[in-house]
Every structure is written in structure tokens, then in C-alpha cells.
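This report refers to the structure that appears directly beneath it.
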Amino acid sequence: MPAIIETKNLTKRYGSLIAVNDLSLSVEQGAIYGFVGPNGAGKTTTMRMITTLLQPTSGEAWVAGHSATRDPRGVRRAIGYMPDFFGVYDDMKVWEYLDFFAACYEIPEVTRIGLINDLLALVDLSHRRDDMVDTLSRGMKQRLCLARTLAHDPQILILDEPASGLDPRARIEIRELLLELSRMGKTIFFSTHILADVAEICTQVGIVEAGKLVAQGSLEEMQRRLRPHRRLHITLLGRAEEAQAALAGRDGVLAVRIAAAPAGAAPTAEGAAPPEANLPGAQTVEVDFTGGDEAVSALLRELVGRGLPVMRFTESVYDLEDVFMQATKGIVS
Ligand SMILES: Nc1ncnc2c1ncn2[C@@H]1O[C@H](COP(=O)(O)OP(=O)(O)O)[C@@H](O)[C@H]1O
Ligand SMILES: [Mg+2]
Numbered sequence: 044m045p046a047i048i049e050t051k052n053l054t055k056r057y058g059s060l061i062a063v064n065d066l067s068l069s070v071e072q073g074a075i076y077g078f079v080g081p082n083g084a085g086k087t088t089t090m091r092m093i094t095t096l097l098q099p100t101s102g103e104a105w106v107a108g109h110s111a112t113r114d115p116r117g118v119r120r121a122i123g124y125m126p127d128f129f130g131v132y133d134d135m136k137v138w139e140y141l142d143f144f145a146a147c148y149e150i151p152e153v154t155r156i157g158l159i160n161d162l163l164a165l166v167d168l169s170h171r172r173d174d175m176v177d178t179l180s181r182g183m184k185q186r187l188c189l190a191r192t193l194a195h196d197p198q199i200l201i202l203d204e205p206a207s208g209l210d211p212r213a214r215i216e217i218r219e220l221l222l223e224l225s226r227m228g229k230t231i232f233f234s235t236h237i238l239a240d241v242a243e244i245c246t247q248v249g250i251v252e253a254g255k256l257v258a259q260g261s262l263e264e265m266q267r268r269l270r271p272h273r274r275l276h277i278t279l280l281g282r283a284e285e286a287q288a289a290l291a292g293r294d295g296v297l298a299v300r301i302a303a304a305p306a307g308a309a310p311t312a313e314g315a316a317p318p319e320a321n322l323p324g325a326q327t328v329e330v331d332f333t334g335g336d337e338a339v340s341a342l343l344r345e346l347v348g349r350g351l352p353v354m355r356f357t358e359s360v361y362d363l364e365d366v367f368m369q370a371t372k373g374i375v376s
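Sequence positions in the sequence shown follow my numbering and run 44 to 376.
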């Protein structure tokens, strides 16, 4: 997949504070990319540099092949940007608000009426067309703002906390809308400080903390890291290689190894003496595993079904990888 948004070593300093620190990310064309991090992590600052509104201290950003610093007009034509805070235009009707922004994009008057109706239908506000903007609920205002960013039919949407401050129902409406826009072929790069937002809809996730991108990957990769990572210890009275072969490649099995623990071995780095230390001939197979209890029990069934001499089956539960713990620290779960 080609990258449609890319940053390389993007950095922004405010005096001694490094708001964005050497940040390199890449958003695939057609992705719904969730840019997650706690408040103050540097999400808005990153987005403002990508959208050409802020000059980086160093590093670069490209959008659809245009450099944010050398070709800002090219970038702006390609994107629709929704800031985290939008100005209030209370003395306007809903349709006038969209008409105003469409006119800013130099969309001719004759095509504006049809466009406005299409945009209102898309964000489900047709019934509020002639109401004043200030009578809309917060969720409706957010959807109106999203409609505004679509006026020039950009292929890339950059949305800063689009679901922030919304009640659960309004959050779901925004989520549905993002999915709809994705189905229309748009690439969506949005920020949030709520992990659940990205788990629902994102195809790609980047986690930012204290100005640094600490993890980036597909949703599957992230989910694997989010699920508890288990380690199973299976002690057999021989035939450990067979057990290893039977387990390798099974669903949820990340790695299988035969513990190098000769009889009478010293305690391992994890603290406990291997359970087979006093069992001559016994061997322990260690399995890194991700999955539920049913799946664990299926593994044991598999071994026993093959007639392998399992004599102990225990598990140590691992926390998320250190890096991920670090990454999600402080993020609302
Ligand atoms: N104009 C500015 N001057 C000084 N510090 C700023 C400015 N803008 C942002 N910051 C600081 O940069 C850091 C990142 O802010 P921001 O990008 O808004 O984070 P987020 O959007 O993830 O909440 C914060 O510590 C913030 O206080
Ligand atoms: Mg912000």
C-alpha cells in the first residue's frame, strides 16, 4: 500500500519543550488511521504541521506527494481539515454556513445548492437545513463541521478529535459517518485520546506519547498487543519435539520452544526453578500464546489426543509488552 501521508523526523519545539519529537509516521492510501494519545501528547501539533498551518522546527511532511513546507497549496487542495476547535457562526443558518465555505473554495454558485443538499444528506442534517447553527446539538455541529471539510471533495480527511466531547450516541454517529466516508474511497487520519474509538473502526493505529510515536501498525497487530499475552508451560515425560511440532502454527500460537532446562538446573531469570528440575527425562515446552480459555483448553486436547505424555500444564499471564504499556499509560481505556 502506498503512503498518502508521511512524516519524517517531524519535530516542533517551543523553547525547551519538544511538542513533537522526531516523529515518523505513514498513513496508507484508503486507511482509517487512528492517531491515539493522551492530552498534550502532540497530536494537534503534528496535524497542524501536516496541514501546513504550522512550520516544523525540523523534519518533513508529505501529503499526496506534496511537501507541506515546499508545496503547501498542493497539500491544501488534497485535504479536508477539521480542527479540534471550530469557530462558532451562530448568526447563520445551516445551509448558509455550508454555502459560505463552499464559496471560499470557489465552487460556483450554480453547483453549490446541489452540493449543499448532498452534504446535508450525507451527515444526516437535511431536516435542519434552515435552522440557525446555534440551535444544533453538539453532535450535529460536529457533523456540520465535517460536512464543511468535504465541500471541495478532498480525497484525504484530517480530523482533530472529531468525537471529542460527544455523548455515546453522537460518537456512534460520527463513527458511522467515518466508515461511510471510507467506503466512498477517502483516506481518514483522525486523532483521539480514547482507545476504544480506534478499536472500533481503524485499519491503522499510531500511538503518540510525549511527542513521540511509540507504536504504529495495523489494527490486528495492535489488537494482538492489546489482548493478554499468555505463556503456557507444558511439561511432558518425553516427545517434546513432537509436541512442539503439533503446536507450532496453530491459531494464537506466537512461538513454541523447548525450555533449555536440564535436570537440576538453577532457577531461571523469571525466578522459579523449572518444574521438571527434579524429574529426570521430563521436558518443558513453552508456548507464547494469545487467545481465550477455550483455545487454551483446545491446545491441551490436541496434545492429549496425539497420545503425548503431558504431565503438567500451567500458565503465567504476561502483561502487555513494555513498550505498549508505556504507550498507553494515561490513555483512557
Ligand atoms: N503554541 C504553543 N506554545 C507552547 N506550547 C505549545 C503550543 N502548542 C502546543 N504546545 C504544547 O505542546 C504539547 C503538545 O500539545 P498538542 O499538540 O496540543 O497535544 P494534543 O493535541 O495531543 O493534546 C503540549 O505540552 C502543549 O502544551
Ligand atoms: Mg489536541
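We put the CB at the ideal spot given by N, CA and C, even for glycine.
Residue i CB to nearest heavy atom of ligand 1 below 7 angstroms
i	result
residue 87	yes
residue 62	yes
residue 84	yes
residue 76	no
residue 57	yes
residue 208	no
residue 80	yes
Cut-off 8 angstroms between Cβ atoms - residues of its own chain near residue i, not counting five sequence neighbours on either side
i	result
residue 285	349 and 351
residue 300	287, 328 and 329
residue 347	353
Simplified DSSP state of residue i, which is helix, strand or coil
i	result
residue 166	coil
residue 61	strand
residue 331	strand
residue 279	strand
residue 102	strand
residue 52	strand
residue 356	strand
residue 186	helix
residue 306	Interpretation of residue 306 is limited by its pLDDT of 43, a score under 50 that renders its predicted location unreliable; no figure is taken from the coordinates.
residue 207	coil
residue 200	strand
residue 135	coil
Candidates the options: closest to residue i by CA position
i	options	result
residue 122	196, 328 and 248	196
residue 141	198, 193 and 339	193
residue 185	207, 201 and 174	207
residue 65	272, 253, 281 and 263	253
residue 107	243, 201 and 150	201
residue 199	177, 152, 341 and 125	125
residue 234	283, 218 and 132	218
residue 96	337, 113 and 283	113
residue 155	191, 211, 168 and 245	191
residue 282	326, 296 and 84	326
residue 302	55, 279, 222 and 224	279
residue 119	48, 173, 336 and 228	48
residue 127	117, 159 and 86	86
residue 82	98, 251, 262 and 222	251
residue 62	150, 75 and 92	92
Same chain only: Cβ atoms within 6 angstroms of residue i, ignoring 5 sequence neighbours per side
i	result
residue 249	68, 78, 256 and 259
residue 45	72
residue 275	330, 332 and 358
residue 338	295
Residue i CB to nearest heavy atom of ligand 2 below 7 angstroms
i	result
residue 167	no
residue 204	yes
residue 127	yes
Same chain only: Cβ atoms within 7 angstroms of residue i, ignoring 5 sequence neighbours per side
i	result
residue 110	103
residue 243	218
residue 90	201, 203 and 234
residue 51	67, 102 and 103
Residue(s) in a DSSP beta bridge with residue i
i	result
residue 71	46
residue 326	279
residue 390	As displayed, the chain neither begins before 44 nor continues past 376, which places residue 390 out of reach and without an answer.
residue 192	Residue 192 is not bridged to any residue.
residue 229	Answer by DSSP bridge pairing: none, since residue 229 is not bridged.
residue 252	255
residue 78	234 and 249
residue 110	105
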